[in-house]
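Chemist: Sharing a structure here in structure tokens format.
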Amino acid sequence: MGKKVTSTLPKLFFKYISINSPVVFMENKTFGIHNLAIMTTKKNFLYIVLHLTLTSTLKYIQLVDMFAYEIAQNNTDIKKSNVIIVYNFSSLQEERKYYILIEQTTEVLSKNFNNYWNNTIENYYSAANWLEREISEFYNIIFQNKKDIRNLMLQYGDSSSPMLKSFPTVGIKEYYFNVLNQTITQNYLELTN
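Remember, the numbering used here sits 109 above the position in the sequence shown when you count from 1.
This is how it looks when you write it as structure tokens:
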């Protein structure tokens, strides 16, 4: 029989995170008995994902879902909003779910995008490719080192965020198919009384 080789690198990552960062573990009735929610900062998010991926005790962990929602607040600045990104991981061996929550501040048409970037986990979980594209398009959150940044449903070059509360309910452009030219035409809308 061969010897089982275990790496101490994931353990060191997790010890570093638990000592040097404000990670909040929430295990309560709202998440169920076999579920664990971890509220962390985007700075330490990648270390937690590496720990979940590389640890031998959490075998067969997979990314099931990823979504975001905007926090309701009385914010007078409509260009700024707070969004929570939720990563839903599932361990098949332990029959347990892990929710990692990150609070992200988004600012529409920001000059300094570096403050609003989030790390991509596409290299570790292939399912993250599509899910990160959805969140990026709908909430204006940019993922660092993302290989595929094409829009899914919005027009290319459109920087609007339709899932944010600051998104206008009446559009500013009208798209229609022009039968004579066989092209998609756009016109600016004029609101009249």
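Ideal Cβ positions, reconstructed from N, Cα and C, are used throughout, including at glycine. Note that this is a predicted model, so its numbers are computed, not measured.
If Y207 and I147 are in contact, beta carbons under 8 angstroms, what's the gap, nearest whole angstrom?
Modeler: Translated into the one-based positions of the sequence shown, residue 207 becomes position 98. Translated into the one-based positions of the sequence shown, residue 147 becomes position 38. With 8 angstroms as the limit, Y207 and I147 qualify as a contact, their Cβ atoms being about 7 angstroms apart.
Chemist: Between which two residues does the beta strand (DSSP E) carrying E179 extend?
Modeler: Residue mapping note: residue 179 aligns to position 70 of the sequence shown, counting from 1. Unbroken beta strand (DSSP E) run through E179: 170-179.
Chemist: Roughly how many angstroms separate the alpha carbons of Y156 and S200, rounded to a whole number?
Modeler: Position 47 of the sequence shown, counting from 1, holds the residue named residue 156. Position 91 of the sequence shown, counting from 1, holds the residue named residue 200. Distance between the alpha carbons of Y156 and S200 is about 18 angstroms.
Chemist: Measure the C-alpha to C-alpha separation of N287 and K255 and round it to an integer number of angstroms.
Modeler: Against the sequence shown, residue 287 aligns to sequence position 178. Against the sequence shown, residue 255 aligns to sequence position 146. Using only the alpha carbons, I get a separation of about 35 angstroms.
Chemist: Alpha carbon to alpha carbon, how far is K282 from N296? Give it in angstroms, no decimals.
Modeler: Walking along the sequence shown from the start, residue 296 turns up at place 187. Walking along the sequence shown from the start, residue 282 turns up at place 173. Computed Cα separation, rounded: 6 angstroms.
Chemist: Please say whether W226 and I251 have beta carbons closer to each other than 7 angstroms?
Modeler: Here residue 251 corresponds to residue number 142 of the sequence shown, with the count starting at 1. Here residue 226 corresponds to residue number 117 of the sequence shown, with the count starting at 1. Taking 7 angstroms as the Cβ cut-off, I251 and W226 qualify as a contacting pair.
Chemist: Expressed to the nearest angstrom, what Euclidean distance is found between the alpha-carbon atoms of E179 and L289?
Modeler: Numbered from 1 along the sequence shown, position 70 holds the residue referred to as residue 179. Numbered from 1 along the sequence shown, position 180 holds the residue referred to as residue 289. Approximately 42 angstroms, taken between the alpha carbons.
Chemist: Does DSSP put V195 in a helix, in a strand, or in coil?
Modeler: What you label residue 195 is simply residue 86 of the sequence shown in a count that begins at 1. Strand.
Chemist: Identify whether I230 lies in helix, strand or coil by the three-state DSSP scheme.
Modeler: Along the sequence shown, one-based indexing puts residue 230 at 121. In this structure, I230 counts as coil in the three-state DSSP scheme.
Chemist: Could you tell me the distance, in whole angstroms, from the CA atom of T162 to the CA atom of F176?
Modeler: Your numbering for residue 162 matches position 53 in the sequence shown. Your numbering for residue 176 matches position 67 in the sequence shown. So the alpha carbons of these two residues sit roughly 20 angstroms apart.
Chemist: Give the secondary structure of R242 by DSSP, where H, G and I count as helix, E and B as strand, and everything else as coil.
Modeler: By one-based count along the sequence shown, residue 242 stands at place 133. In this structure, R242 counts as helix in the three-state DSSP scheme.
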